[in-house]
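Take a look at the structure set out below.
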Amino acid sequence: MELLAKTLFLCLALTLTNAAPAQTHDAAPEEEVDPNLPDRCEGLEFDAITPDEKGITFFFKGSYLWKGFHGPAQPSNESFKELDDLHNIGHVDAAFRMHDPDNTDDHDHIYFFLDDKVFSYYNHTLEDGYPKEIQEDFPDVPSHLDAAVECPKGECAANSVLFFKGHDVHVYDITTKTVKTKSWHHLPVCTSAFRWLEHYYCFHGHNFTRFHPLTGEVSGSYPKDIRNYFMRCPNFGHGGDYQVVKCSEVKLDAITSDDTGKTYFFAGPIFMRLDTSRDGLHAFPITRTWKELTDGVDAVFSYTDKMYMIKDDQVFIYKGAAHYTLIEGYPKSLKEELGLEGHVDAAFVCPNEHTVHIIQGQKMLDVDLTATPRAVTGDQSIPMSDIDAGFCGPQGIAVFKGSQYYKYGSTMMLANSKMAPRPHIITSEMMGCRD
Ligand SMILES: *[C@@H]1O[C@H](CO)[C@@H](O)[C@H](O)[C@H]1NC(C)=O
Ligand SMILES: *[C@@H]1O[C@H](CO)[C@@H](O)[C@H](O)[C@H]1NC(C)=O
Ligand SMILES: *[C@@H]1O[C@H](CO)[C@@H](O)[C@H](O)[C@H]1NC(C)=O
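Written out as structure tokens, the structure reads:
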């Protein structure tokens, strides 16, 4: 019972971790909220939305802002004081975070647009020389904008910014400082725009519409209500009384990194991607991405372009591309797929290797993934038990046990060590928990 309660707490807790490190502080659910402050759960139209260099998302409305996906409004001049001092204008038109990794002077700066002025902030400090006329920094970009959003190369043709004004989209190439203008009449007029986890969103009223950054194309059923996705509101989306879990109470089920560098951890019914921390660390239900896994996972490993997910005595294999799809014929039994039985605590494959290392209690079993049928080819004991999750990357192996982890240079070092090395602790920067 206690275990269940604890697990449940963790799950709920993590479900709304919006949790870049600095955001976790304002996550206390019992916080007193001043009734005079605007309430974003009433359904606001935002003036601007942008992440900062730490991956914390700021939502702006009038002279207020909200930090992250939950928490109360605060006067925006407390975080960005000059926006107000110089202009006394009470709102911003548009904002975006610069993506220009070749230019460290600008990369990750937040740019704000007010009427015909632009402000550049880094580390919440106004850069020298600002505010400027918009066209000084962004030739041919109009004043009085509606919205702006970064668009890195790969998603746009070059590192770019999309500036919205009415139905026009001015695509600004950061390197050549040139603008191409398109008209996207099928999109609503966006009052703010936001790139989040590789997707692009146009916000209008209390709704949003996802669009393709090159074509403006909308696929899927939009608009959707912001309150179900980008904030925590009673009676919307997740709802309920969630809390960010304390780092000392973290308990992982599995952690893995795929071929393309996407790194996931799994805990109870949620997962979190760790490679997208530039957009903050966010937890989602596992079933959102792997819909058959309704009961969580015991261990996960990646091999070639597939993800092997173990729960009880079953193995689910998913093929990963834009979406994960369960391969036909799965789940299969552990015995049939990997030639072993019993509860699996952790599993990992090291980069460029073809052997999966399966941890069961104090044993590490090796299975050659190129053999058919697969069978256990190695069996060693390890100097610890009750391992929750294991990971092998270019730097070696990390074995997780509760809120701590242990590092080893190789599987040989793990198997041959007489005692566990010094533990490291999971931090908020790593996993979005609360210190
Ligand atoms: C922010 O603005 C409010 C109202 O305009 C003002 O009373 C307050 O002193 C300002 N705070 C800062 C830190 O500038
Ligand atoms: C960011 O600003 C804070 C104070 O506002 C300062 O203490 C800190 O050193 C700054 N960090 C960087 C990287 O400039
Ligand atoms: C929001 O979207 C819904 C459809 O999902 C639509 O019925 C409603 O009119 C929209 N509201 C606004 C303010 O755009």
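Read in order, the letters of the sequence shown correspond to residues -19 to -1, 1 to 416 in mature numbering (1 follows the signal peptide of the UniProt record, and there is no 0).
Using N, Cα and C, we set each Cβ at its ideal position, and we do this for glycine too.
Note on geometry: alpha-carbon atoms of Pro82 and His180 lie some 19 Å from one another.
For Arg254, the beta-bridge partners assigned by DSSP are Tyr245. Apart from the 5 residues on each side of it in sequence, Gln341 sits with its Cβ closer than 7 Å to the Cβ of Gly323, His324, Val325 and Asp326 in its chain, given in chain order. Counting along the chain, no beta strand (DSSP E) covers Ser409; the unbroken alpha helix (DSSP H) around it starts and ends at Ser409 to Met412. Check the Cα spacing between Lys146 and each of Thr172, Glu131, Asp154 and Tyr153: the tightest is with Thr172. For Glu131, the enclosing beta strand (DSSP E) begins and ends at Ala128 to Cys132. In this structure, His148 is the residue among Lys161, Lys158, Leu178 and His148 with its C-alpha nearest to the C-alpha of His167. With a threshold of 16 other beta carbon atoms within 10 Å, Arg78 meets it and is buried. Spanning the alpha carbons of Pro19 and Leu107 requires a straight line of approximately 26 Å. The C-alpha of Thr257 is placed about 7 Å away from the C-alpha of Leu178.
Using a Cβ-Cβ distance cut-off of 8 Å, the region 223 to 239 and the region 278 to 287 are in contact, since at least three pairs of beta carbons, one from each stretch, lie closer than that value. Gly310 counts as exposed, since fewer than 16 other beta carbons sit within 10 angstroms of its beta carbon. At a Cβ-Cβ threshold of 9 Å, Phe119 and Phe144 count as neighbours.
The region 392 to 399 makes contact with the region 362 to 379: 3 or more CB pairs, one atom from each, lie closer than 8 Å. Judged by DSSP in its simplified three-state form, Gln343 adopts coil rather than helix or strand. Looking at the DSSP output, Ala174 sits in a beta bridge with Cys183.
Restricted to the region 87 to 143, the alpha helix (DSSP H) segments that are unbroken, complete and at least 4 residues in length are 115 to 118, listed in chain order. If you ignore the 5 residues before and after Pro133, its C-beta comes within less than 7 Å of the C-beta of His80 and Asn140, all in its own chain and listed in chain order.
DSSP links Arg78 through a beta bridge to Ile91.
In the three-state scheme derived from DSSP, where H, G and I count as helix and E and B as strand, Ser57 is classed as helix. Ala328 carries a strand assignment under DSSP once its states are collapsed to helix, strand and coil. Secondary structure of Arg21 (DSSP, three-state): helix. Rounded to the nearest whole angstrom, the CA to CA distance from Glu131 to Thr190 is 17 Å. 9 Å or more divides the Cβ of Trp47 from the Cβ of Pro56.
Secondary structure of Ala29 (DSSP, three-state): strand. Taking the C-beta atoms as reference points, Leu95 is found no nearer than 9 Å to Val122. Beta-bridge partners assigned by DSSP to Tyr389: Ile378.
Counting only unbroken stretches of 3 or more residues, the beta strand (DSSP E) elements lying wholly within the region 287 to 321 are 287 to 292, 295 to 301 and 305 to 307, in sequence order.
Counting along the chain, Thr162 sits inside the beta strand (DSSP E) bounded by residues Thr159 to Ser164. With a beta-carbon spacing of about 16 Å, Val160 and Asp127 fall beyond the 8 Å limit used to define contacts. Taken atom to atom, the span from the alpha-carbon of Glu59 to that of Leu307 is near 49 Å. CA-to-CA, the gap between Pro266 and Phe381 works out to about 21 Å.
The nearest non-hydrogen atom of ligand 2 is less than 8 Å from the C-beta of Thr106. If you ignore the 5 residues before and after Glu198, its C-beta comes within less than 7 Å of the C-beta of Phe192, all in its own chain and listed in chain order. A straight-line Cα-Cα distance of about 8 Å links Ser229 and Asp416.
Distance from the CA atom of Arg208 to the CA atom of Phe50, rounded to whole angstroms, is 10 Å.
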